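The listed protein sequences derive, respectively, from chains S and V. Residues in the first sequence are numbered consecutively from 573, following our numbering. Residues in the second sequence are numbered consecutively from 2, following our numbering.
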Amino acid sequence: MITAAPAREQTRARYPDEEGFVERNGVRVFWERYGEGERTILFLPPWSIIHSRCWKMQIPYLARHFRVIAFDPRGNGRSDRPEEPDAYAEAEFAADALHVLDATETERAVIVGFSMGAQRGLLLAANHPERVEAAVFIGPGLPLGKATPRARAVTSFDEEFETYGGWRKYNRRHWLEDYADFLEFFFSQVYTEPHSTKQIEDAVGWALESTPEMLIATQRAPGIKDEGQARELAARTRCPVLVIHGEDDAIRSHTTGAALAELTGGTLVTLEGSGHAPHGRDPVKVNLLIREFVESLP
Amino acid sequence: MAVELTASPREQTRARYPDESGYVERQGVRSYYEVYGSGEPTLLLLPTWSLFHSRHWKMQIPYLARHHRVVTFDGRGNGRSDRPREAAAYGEREFAADALAVMDATETGRAVLIGFSAGGERGLLLAAEHPERVDGAVFVGPAFAGGGTPLPERTVYDFDTEYDTHEGWAKHNRSYWLRDYRDWVEFFVSTIFTEPHSTKPIEDGVGWALETDAETLLATMDAPALTPEESQALCRLVSCPVLVIYGEQDAITSVSRGRAFAEQLGGELVLLEGSGHAPHIRDPVKVNLLIREFLESLP
Chain S
573 MITAAPAREQ TRARYPDEEG FVERNGVRVF WERYGEGERT ILFLPPWSII
623 HSRCWKMQIP YLARHFRVIA FDPRGNGRSD RPEEPDAYAE AEFAADALHV
673 LDATETERAV IVGFSMGAQR GLLLAANHPE RVEAAVFIGP GLPLGKATPR
723 ARAVTSFDEE FETYGGWRKY NRRHWLEDYA DFLEFFFSQV YTEPHSTKQI
773 EDAVGWALES TPEMLIATQR APGIKDEGQA RELAARTRCP VLVIHGEDDA
823 IRSHTTGAAL AELTGGTLVT LEGSGHAPHG RDPVKVNLLI REFVESLP
Chain V
2 MAVELTASPR EQTRARYPDE SGYVERQGVR SYYEVYGSGE PTLLLLPTWS
52 LFHSRHWKMQ IPYLARHHRV VTFDGRGNGR SDRPREAAAY GEREFAADAL
102 AVMDATETGR AVLIGFSAGG ERGLLLAAEH PERVDGAVFV GPAFAGGGTP
152 LPERTVYDFD TEYDTHEGWA KHNRSYWLRD YRDWVEFFVS TIFTEPHSTK
202 PIEDGVGWAL ETDAETLLAT MDAPALTPEE SQALCRLVSC PVLVIYGEQD
252 AITSVSRGRA FAEQLGGELV LLEGSGHAPH IRDPVKVNLL IREFLESLP
């Protein structure tokens, strides 16, 4: 059972020092900047099912040591919610990231991407090496490694079933009929660790700030299309890479993170007992890993 | 509510381990103590009702021991302490005497006491009757018989009567404990932690409670308790600085008891909005900072 989250935004441990919007082709994207420092960390948005508050356990800590920027994905948070699937192409998210870097006068940044954020992150790292100092990927979602039940569910996304149990909830019709039911199931799979009720409640709350129609549009948007493209992008990535992947990730297989680390020549940190989103569930561990990685950069 | 223990039956790893540990023995009953850190004043973290043992201070010890010497011990009836079966062994004065024995064994002349729930009663005894050993006292959700009113839901069922029902507080019952101790434990511990997202403290609490048994806890229930008059008289004897921390949503004891306790002790009362009976476990940062602030305010 999900406790009703307050309608107002929760109080924050730290508020942004600066915020604004960038606009591209009529779509406005909301960004925030926190703290000061030589190095900038850019938190990329994940899948638009949630928004930049998913970094709430990272921002207050890392902003004490670095300049930190986060932005809401198109489709959720304070960013616009375009209707057409093409607006949610991976290339669009990557372009939004570059615009946010420009708007905040950030020449280069260490990018941090979670789940789908790895796709936009990999595009940035491979195609814009001059803007990307290094990259951290948490539970990366890429067509690499073994498939999970999620990947199989995606193949029947448009089919009609009599009942929608388990991963069958990952279905266009079910989203439109009972979005909250899908969300509660999905985030219970994101946070498989015991005692995750707060993380699940938060995530469901963020998801309910947008609509199933928006999420369906993201599902039809062009991403990194296959393993070949993922390998090609990874091979072109030259910056230092850190991959953090939960051993028990039920959304994206741990083998995906392992493959990405190998292909980019990066470091893989496997978190025992962790699910898909260790930065939300084990923030201290992940924050220290990120800090250590950033401080180790030349 | 069914609580499935996700933790292993072995003791969990700790953020900090004791620098010293040992046993005191009084009339054949051994009590296990631990000492952490250094720094004045020493803090003595008192045992609560033997439902829990000293691990319920796990969120306080690592923080407080960075600034102070911290001594704690398992109350008789749980943890690594003995579990006598006769009620007389669980009188409040026995726990107070154990505390003094632990202070002696650890060469602790004086200490600031920190007590939770039933720890309020043993703390009250120590502060009132051994002022030369006590520099101050912090009470979290203290049990207090000398004032305030009980929660209405706790006056419906009698502990010793057998009922057909075992819904809610009807579980808090002698015959039911013997029939289904674990079910009562799950109910009771869930009622300690009324805050949302308390599955971890509930799991911990149920685990600690399962380290003892119904027979032992029945002995504590049959032990001589402080009467309202005794409690009030003890309050009048206390002269050290006192801080009382109480959750406004406490569903085990009434916040009116906390108000009365603080008033009779002439102490400071901090009410925590949205908190249940054990804010030191559920909101440790808040409570730790309150304790630290109180310690820094001591003369």
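The beta carbon of each residue, even a glycine, is placed where N, CA and C say it ideally should be. From a predicted model like this one, the values you see are computed outputs, not experimental measurements.
Whether residue i touches residue j by CB criterion (8 Å)
i               : j               : result
A690 of chain S : G713 of chain S : yes
G649 of chain S : F602 of chain S : yes
L272 of chain V : V286 of chain V : no
G1 of chain V   : L244 of chain V : For chain V, the structure presents residues 2 to 300; residue 1 of chain V sits outside this window and is missing.
Y34 of chain V  : A128 of chain V : no
A822 of chain S : T764 of chain S : yes
H57 of chain V  : F96 of chain V  : no
G829 of chain S : V813 of chain S : no
R596 of chain S : H671 of chain S : yes
V4 of chain V   : E163 of chain V : no
T783 of chain S : E819 of chain S : no
R703 of chain S : R680 of chain S : yes
I683 of chain S : L616 of chain S : yes
P42 of chain V  : D136 of chain V : yes
K172 of chain V : F188 of chain V : yes
W170 of chain V : R180 of chain V : no
L52 of chain V  : A210 of chain V : yes
A112 of chain V : A220 of chain V : no
V762 of chain S : G847 of chain S : yes
H623 of chain S : W778 of chain S : yes
V36 of chain V  : V72 of chain V  : yes
Sequence-distant residues of its chain with Cβ nearer than 7 Å to residue i (five each side left out)
i               : result
G40 of chain V  : H68, H69 and R70
R744 of chain S : F729, D730 and I788
L835 of chain S : R803, A806 and A807
M629 of chain S : H851, G852 and P855
D214 of chain V : Y182
L126 of chain V : E93, R94, A97 and L235
Close beta carbons around residue i, own chain, < 8 Å, minus the five adjacent residues each side
i               : result
Q233 of chain V : G147, G148 and Q265
T261 of chain V : According to the sequence displayed, residue 261 of chain V carries Ala and not Thr. Cβ within range, chain order: F145, G147, G148 and G149.
H278 of chain V : S118, G142, T192, I193, F194, T195, G248, D251, A252, I253 and T254
Rounded separation between residue i and residue j - CA only
i               : j               : result
F160 of chain V : T720 of chain S : 53 Å
A577 of chain S : V866 of chain S : A caution first: A577 of chain S carries a pLDDT of 49, below 50, which makes its placement in the model too unreliable to give a value.
R639 of chain S : T678 of chain S : 10 Å
A698 of chain S : S825 of chain S : 23 Å
E656 of chain S : I621 of chain S : 16 Å
G275 of chain V : H131 of chain V : 35 Å
E749 of chain S : E756 of chain S : 14 Å
A100 of chain V : L47 of chain V  : 7 Å
T575 of chain S : F759 of chain S : Note on T575 of chain S: pLDDT 49, under 50, position unreliable in the model; no value is reported.
Q582 of chain S : C626 of chain S : 13 Å
R833 of chain S : A706 of chain S : The sequence shown places Ala at residue 833 of chain S, not Arg. Their Cα atoms are separated by approximately 13 Å.
P197 of chain V : I772 of chain S : 12 Å
L218 of chain V : V190 of chain V : 14 Å
S868 of chain S : L614 of chain S : 17 Å
R792 of chain S : E732 of chain S : 17 Å
T727 of chain S : E591 of chain S : 39 Å
Y742 of chain S : R86 of chain V  : 57 Å
P300 of chain V : S32 of chain V  : 32 Å
F665 of chain S : V594 of chain S : 12 Å
F295 of chain V : R123 of chain V : 20 Å
N289 of chain V : L65 of chain V  : 7 Å
Bridge partner(s) assigned by DSSP for residue i
i               : result
G208 of chain V : BP columns for G208 of chain V are empty, so no partner.
S22 of chain V  : V:E35
E785 of chain S : None, per the DSSP bridge assignment.
T842 of chain S : S:H817
W603 of chain S : S:G592 and S:F643
V139 of chain V : V:I115 and V:L244
V301 of chain V : Because chain V is modelled from 2 through 300, residue 301 of chain V falls outside the range shown and cannot be assessed.
R650 of chain S : BP columns for R650 of chain S are empty, so no partner.
A706 of chain S : S:V682
F615 of chain S : S:A642 and S:V684
E269 of chain V : V:L244
V157 of chain V : In the DSSP output, where bridge partners are listed per residue, V157 of chain V has none listed.
V30 of chain V  : V:R27
Proximal residues to residue i (C-beta, below 6 Å), its chain only, five neighbours per side dropped
i               : result
A16 of chain V  : P63
T676 of chain S : R605 and I641
V141 of chain V : F117, I246 and H281
M573 of chain S : Here M573 of chain S scores only 46 on pLDDT, less than 50, and its place in the model should not be relied on; the value that follows carries that caveat. Excluding residues within five positions, none has a Cβ falling inside 6 Å.
Y158 of chain V : W170 and A171
Requested in this report: Using a Cβ-Cβ cut-off of less than 7 Å, give me the residues of the region 767 to 783 of chain S that come near chain V, in sequence order.
Outcome: H767, T769 and K770
Query raised in the report: Using Cβ-Cβ distances below 7 Å, what residues of the region 185 to 215 of chain V are close to chain S?
Result: P197, H198, T200 and K201
Query raised in the report: Relative to chain S, which residues along the region 4 to 25 of chain V have a C-beta separation below 7 Å, given in chain order?
Result: T7
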